[in-house]
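The sequence shown begins at 12 in the numbering used here and counts up one residue at a time.
Beta carbons: idealized from backbone N, C-alpha and C, even for Gly.
Let me begin by presenting the structure, written as structure tokens, before commenting on it.
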Amino acid sequence: MTVKLLMKTVSLLNKLKWDSRYDFSKVRVWYVSRGEPDDMVFVDGDDIHVIGRAFLETARGYVPHHRIVKIEYEGQEIFRLSS
Numbered sequence: 012m013t014v015k016l017l018m019k020t021v022s023l024l025n026k027l028k029w030d031s032r033y034d035f036s037k038v039r040v041w042y043v044s045r046g047e048p049d050d051m052v053f054v055d056g057d058d059i060h061v062i063g064r065a066f067l068e069t070a071r072g073y074v075p076h077h078r079i080v081k082i083e084y085e086g087q088e089i090f091r092l093s094s
């Protein structure tokens, strides 16, 4: 995982949160969470409290950026971690 890729997710999420053209409640972030069905879970924009340099702070806890695998906006995929 490169710093450039991590910064891409941070920059994209900040743009979706602060740019008035977007509604952050329409964002869904999928991430790896071991123990969940298929080891995947999502958090919606309304449940993201802080977009930090290394983590998202959510209603359920912290999500490290390196675990983010997909970001959707209005149900459309706008970012996917390539394998």
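Can you tell me the Cα-Cα spacing of residue i and residue j, whole angstroms?
| i | j | result |
| --- | --- | --- |
| MET51 | TYR73 | 15 Å |
| HIS76 | SER31 | 23 Å |
| LEU67 | VAL80 | 13 Å |
| TYR33 | PRO48 | 30 Å |
| GLY63 | LEU23 | 12 Å |
| VAL54 | HIS60 | 11 Å |
| ARG45 | ARG78 | 10 Å |
| ASP58 | ASN25 | 14 Å |
| PHE35 | ALA65 | 19 Å |
For residue i, does the count of other Cβ atoms within 10 angstroms reach 16, so buried, or fall short, so exposed?
| i | result |
| --- | --- |
| GLY9 | Absent from the model: residue 9. The displayed extent of the chain is 12 to 94, so no value can be given. |
| TRP41 | buried |
Anyone know if the C-beta pair for residue i and residue j falls short of 8 Å?
| i | j | result |
| --- | --- | --- |
| VAL38 | LEU27 | yes |
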